[in-house]
Amino acid sequence: VLLHDEVKQAFTEHRSVVCHDAKPFMRSLMADGIDLSFLTLDTAIAAYLINPSKSSYSLASVCGEFLGAEPTGSMESDGTFDFGGTDISAQSCAEAAVFVSRLAPVVLAGLADIHNESLYADIENPLVHVLAKMESAGIAVDTAALLSIKDRLTAETQELTQLLHSIAGKTFNVNSPTQLREILYTDRGLAPGKKTKTGFSTDAATLEKLHDQWPEFIGPLLRYREVEKLRSTYGEGLLHEIAPDGRIHATFNQTVARTGRLSSDQPNLHNIPVRSDEGKVFRTAFVAPKGCSLLVADYNQIELRCIAHLANDPGLISAFAAGEDIHNATAARVFGVALGEVTADQRSKAKMVSYGLAYGMEAYGLSQRLSIGVDEASVILKAYFEAFPNVKKYMDDAIVEARRTGYTETLFGRRRQIPELLSDNFRVRQAGERQAMNAAIQGLAADIFKIALVRIDKLLTEKDFLSRVVLQVHDEVIVEVPDSEKEVVGPLILDTMRGAADLSVPFEVNAAWGDTWASAKG
DNA sequence: GCGATCAGCC
DNA sequence: TTTAATGCTGATCGCA
């Protein structure tokens, strides 16, 4: 309190601030009404751009790497101020500051070496402030709705537990793979499927295969797994994260994902269920406050569009340019039928290939996904690459280039080192090849999305809108919009997303309004 | 405390 | 020949 004015003055008057991991610090200043808007360098993020594959970007580890020396004091970097005035904290803060100032020129030179100055200055640096605002804003939650969802799930897990105990003829911990193993493979004597490091697997794919051998047990078990996941992770988990203001303030990490994507924790809002109707109800608990609506806008097929552009594949480009249903158009080409003759089965297979494509999928993976034989999957993949030869060439070239240079690069210069390509281990090397194919694609999509996010925030701020971005999920942005601003802000967001980059294919953005995240998703 | 297993999303 | 999807986070178990 005593230092408040001095702090405010220091961070509003100085036109340049260098910081290591600025976002928590920005957030804590924001809570005090201080807007740290003159960040010029975040040394943690610079270190991440130079090599995004490190497990830690703590001040100590980055100093260790770039300076060959680490601060000796222990300074917690939770972004809060310690005005306790102990000599130890003052000492270690001072020491940290000295290290950050030594670090700055070194990481700046590192950015220059890999031509990442504008990736940093135009995208990552402004993004810090945008994310700090998103985290501070949080998203409103309907606690009562969440409680009732959780209660319903809890009742069902209890019933299922009883049922499973009675069928097994003993009580056991249904959550324990070890105890399940004993019941399935020892007591019941089922023929085990695949193995894990510690024994036979009990995962869903394995249980599906065993289902017919003991349906009255395995059926409820699969159901239990599903319900318990929802109950514990999303029911209990989300309830614990609701702040006193009735909102969830997740953290969006800018130095975690090796592809350039953001990640989310405390809680992770990037994996809220959407595929099953039952899981999707959790999205009804994410709401717009009174007088506001949620705008949910997401890029349609952004990674496939990135592939079309990067591979410069005429088939994909013309399908996107014509605004065709891309999976339908893909299926028509792959299976050699007319656009109107594509069956639902062909479309779904083409869709799975397209999704898998970005992940460097091989025949085996596709066969698992589609529940077909490996040979049939190979035929489909082969047909795909014949229909889209430039895509095949792009993937092959990506591996060769990454092996030659040791890294991949996105259109915006985001690098990812892939040392796995040189591994003696076949399995590791193959994983490296998949990463080499995937990194430039997923990374480009991430670059584009970040550009859109920064521009959206800039527009909303400059024009003094009350609308604010409250959440992002990789290719989707959720904006809380006062009803009076809907007509103006809606088109503004969509235009900004569509114009975030200029590729050889257009971007399509789906948008929906709603009172909750679920209804908006339609 | 930590690795392993499982499962949610893009 | 091998293995068996990119990238994440979290709940839980069970051993240390």
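Per this note's numbering: the first sequence ends with 560, consecutive numbering throughout. Quick reminder that beta carbons are idealized off the backbone N, C-alpha and C, glycines included. Just so we're clear, the structure is a prediction, and the values are computed from it rather than from any experiment.
Self-check item: Buried versus exposed, by CB contacts within 10 Å (16 or more), Ala107
Solution: Position 69 of the first sequence, counted from the start, is the residue given in the question as residue 107. The residue is exposed, with fewer than 16 neighbouring Cβ atoms inside 10 Å.
Exercise. State yes or no: is the C-beta of Trp551 within less than 9 Å of the C-beta of Ser331?
Key: Counting from 1 along the first sequence, the entry for residue 551 is found at position 513. Counting from 1 along the first sequence, the entry for residue 331 is found at position 293. In this structure, Ser331 lies closer than 9 Å to Trp551 by Cβ.
Quiz item: Near Glu471, what residues of its chain come up, given a Cβ to Cβ distance below 6 Å and the 5 sequence neighbours on each side ignored?
Solution: For this step, residue 471 is matched to residue 433 along the first sequence. Excluding residues within five positions, the ones whose Cβ falls inside 6 Å are Ile437.
Quiz prompt | Other residues of its chain near Thr244: CB distance less than 7 Å, five sequence neighbours each side excluded | solution = The count along the first sequence starts at 1 and reaches residue 244 at position 206. Gly231, Lys232.
Quiz item: With respect to the beta strand (DSSP E) encompassing Glu447, which residues constitute its N-terminal and C-terminal limits?
Solution: The residue you call residue 447 lines up with position 409 of the first sequence. Per DSSP, Glu447 belongs to the beta strand (DSSP E) from 445 to 447.
Quiz item: Does the beta-carbon of Tyr432 have 16 or more other beta-carbons within 10 angstroms, so that it is buried, or is it exposed?
Solution: Mapped onto the first sequence, residue 432 falls at position 394. The residue is buried, with at least 16 neighbouring Cβ atoms inside 10 Å.
Practice problem: Can you give me the Cβ contacts of Ala401 inside the same chain, cut-off strictly under 6 Å, excluding the 5 residues immediately before and after it? | Solution: Sequence index remark: in the first sequence, residue 401 carries index 363 (1-based). Val412, Ala415, Ser416, Leu419, listed in sequence order.
Quiz item: According to DSSP, is Trp252 helix, strand or coil?
Solution: Start at 1 with the first residue of the first sequence, and residue 252 comes out as number 214. Three-state result, Trp252: coil.
Quiz item: Under a Cβ-count criterion, where at least 16 other Cβ atoms within 10 Å of its own Cβ denotes burial, should Ala147 be classed as buried or exposed?
Solution: What you label residue 147 is simply residue 109 of the first sequence in a count that begins at 1. So Ala147 counts as exposed.
Quiz prompt | Unbroken alpha helix (DSSP H) run spanning Asn89, endpoints | solution = Here residue 89 corresponds to residue number 51 of the first sequence, with the count starting at 1. Run containing Asn89: none; DSSP gives neither H nor E here.
Quiz item: Among Phe320, Asp495, Ile221, which has the Cα closest to the Cα of Ser270?
Solution: As a position in the first sequence, residue 270 is number 232, starting the count at 1. Comparing C-alpha distances from Ser270 to each of Phe320, Asp495, Ile221 shows the shortest one belongs to Phe320.
Practice problem: Excluding the 5 residues preceding and the 5 following Thr446 in the sequence, name in chain order all residues of the same chain whose CB lies nearer than 6 Å to its CB. | Solution: The count along the first sequence starts at 1 and reaches residue 446 at position 408. Excluding residues within five positions, the ones whose Cβ falls inside 6 Å are Ala440, Arg454, Ala474, Ala477, Ala478.
Self-check item: Beta-bridge pairing of Glu518 - partner residues as DSSP gives them
Solution: Residue mapping note: residue 518 aligns to position 480 of the first sequence, counting from 1. DSSP output for Glu518 lists Leu332, Arg506 as bridge partner(s).
Quiz item: Roughly how many angstroms lie between the CA atoms of Lys267 and Thr110, to the nearest whole one?
Solution: By one-based count along the first sequence, residue 267 stands at place 229. By one-based count along the first sequence, residue 110 stands at place 72. Answer to the nearest angstrom: the Cα atoms are 42 Å apart.
Self-check item: Continuous beta strand (DSSP E) stretch holding Leu79: start and end
Solution: Counted from its first residue, the first sequence places residue 79 at position 41. Start and end: 77 to 80.
Quiz item: Given Glu10, which residues of its chain have a CB within under 8 Å of its CB, disregarding the five upstream and five downstream residues?
Solution: Given that the chain is displayed from residue 39 to residue 560, the structure contains no residue 10 and the question cannot be resolved.
Quiz item: Apart from the five residues on each side of it in sequence, which residues of its chain come closer than 7 Å, Cβ to Cβ, to Arg261?
Solution: The residue you call residue 261 lines up with position 223 of the first sequence. The answer, listed in chain order, is Leu198.
Exercise. Following the continuous beta strand (DSSP E) through Arg453, name the residue where it begins and the one where it ends.
Key: On the first sequence, position 415 is the one that residue 453 refers to. 453 to 455 is the extent of the beta strand (DSSP E) around Arg453.
Self-check item: Unbroken beta strand (DSSP E) run spanning Ser301, endpoints
Solution: Here residue 301 refers to the residue found at position 263 of the first sequence. Unbroken beta strand (DSSP E) run through Ser301: 301 to 303.
Quiz item: Which value, in whole angstroms, describes the spacing of the CA atoms of Ser405 and Thr322?
Solution: In the first sequence, the residue the question calls residue 405 occupies position 367. In the first sequence, the residue the question calls residue 322 occupies position 284. Roughly 35 Å between the two C-alpha positions.
Practice problem: Note down the Cα distance separating Ile591 from Ile486, rounded to an integer number of angstroms. | Solution: Because residue 591 is not part of the residues shown, which for the chain are 39 to 560, the question remains open.
Quiz item: Can the beta-carbon of Gln292 be found less than 9 Å from the beta-carbon of Lys61?
Solution: On the first sequence, residue 292 is found 254 positions in, with the first residue counted as 1. On the first sequence, residue 61 is found 23 positions in, with the first residue counted as 1. Closer than 9 Å, so yes.
Quiz item: Okay, do the segment 388 to 396 and the segment 360 to 370 touch, 3+ Cβ pairs below 8 Å being the bar?
Solution: yes
Quiz item: Who are Asn463's beta bridge partners in DSSP?
Solution: Taking the first residue of the first sequence as position 1, residue 463 is located at position 425. Answer is none; Asn463 lacks a bridge partner.
Self-check item: Close Cβ partners of Ala484 (< 7 Å) along its chain, the five nearest in sequence each way excluded
Solution: As a working note, residue 484 is residue 446 in the first sequence. For Ala484, where only same-chain residues beyond five positions count, the Cβ hits under 7 Å are Thr297, Gly298, Arg299.
Exercise. Put Ile286 into one of helix, strand or coil per three-state DSSP.
Key: Residue mapping note: residue 286 aligns to position 248 of the first sequence, counting from 1. Correct three-state label for Ile286: strand.
Quiz item: Cα-Cα, which of Val375, Asp462, Pro457 is closest to Ala425?
Solution: The residue given as residue 425 occupies position 387 in the first sequence. Measuring from the Cα of Ala425, the nearest candidate turns out to be Val375.
Quiz prompt | Gln510 versus His308 - alpha carbon distance | solution = Counting from 1 along the first sequence, the entry for residue 510 is found at position 472. Counting from 1 along the first sequence, the entry for residue 308 is found at position 270. If you draw a straight line from the Cα of Gln510 to the Cα of His308, it comes to about 8 Å.
Exercise. Report the rounded CA-to-CA distance for Lys328 versus Ala469, giving the unit in angstroms.
Key: Translated into the one-based positions of the first sequence, residue 328 becomes position 290. Translated into the one-based positions of the first sequence, residue 469 becomes position 431. Roughly 48 Å between the two C-alpha positions.
Quiz item: Would DSSP call Tyr393 helix, strand or coil?
Solution: Your numbering for residue 393 matches position 355 in the first sequence. In this structure, Tyr393 counts as helix in the three-state DSSP scheme.
Quiz item: With which residues is Lys233 paired in a DSSP beta bridge?
Solution: The count along the first sequence starts at 1 and reaches residue 233 at position 195. Lys233 pairs with Phe238.
Self-check item: Pair within 9 Å by beta-carbon distance, Gln304 and Glu279
Solution: For the purposes of this step, residue 304 is identified with residue 266 of the first sequence, where counting begins at 1. For the purposes of this step, residue 279 is identified with residue 241 of the first sequence, where counting begins at 1. Cβ distance < 9 Å, so Gln304 and Glu279 count as in contact.
Quiz item: Any idea if Arg465 is buried or exposed, counting beta-carbon neighbours within 10 angstroms, 16 or more meaning buried?
Solution: Within the first sequence, numbered from 1, the residue matching residue 465 stands at position 427. By the neighbour-count rule (16 or more Cβ atoms within 10 Å), Arg465 is not buried but exposed.
Quiz item: What three-state label does DSSP hand Phe137 in the structure shown?
Solution: Taking the first sequence and counting its residues from 1, the one referred to as residue 137 is at position 99. It is helical.
Quiz item: Which residues share a DSSP beta bridge with Cys57?
Solution: As a first step, residue 57 is located in the first sequence; it is residue number 19 there, counting from the start. Asp80.
Quiz item: Which whole-angstrom value describes the C-beta separation of Val168 and Val492, a residue pair presumed to lie in contact below a C-beta threshold of 8 Å?
Solution: Locating residue 168 in the first sequence gives position 130, counting from the first residue. Locating residue 492 in the first sequence gives position 454, counting from the first residue. That belief holds up - the Cβ atoms of Val168 and Val492 are roughly 6 Å apart, short of 8 Å.
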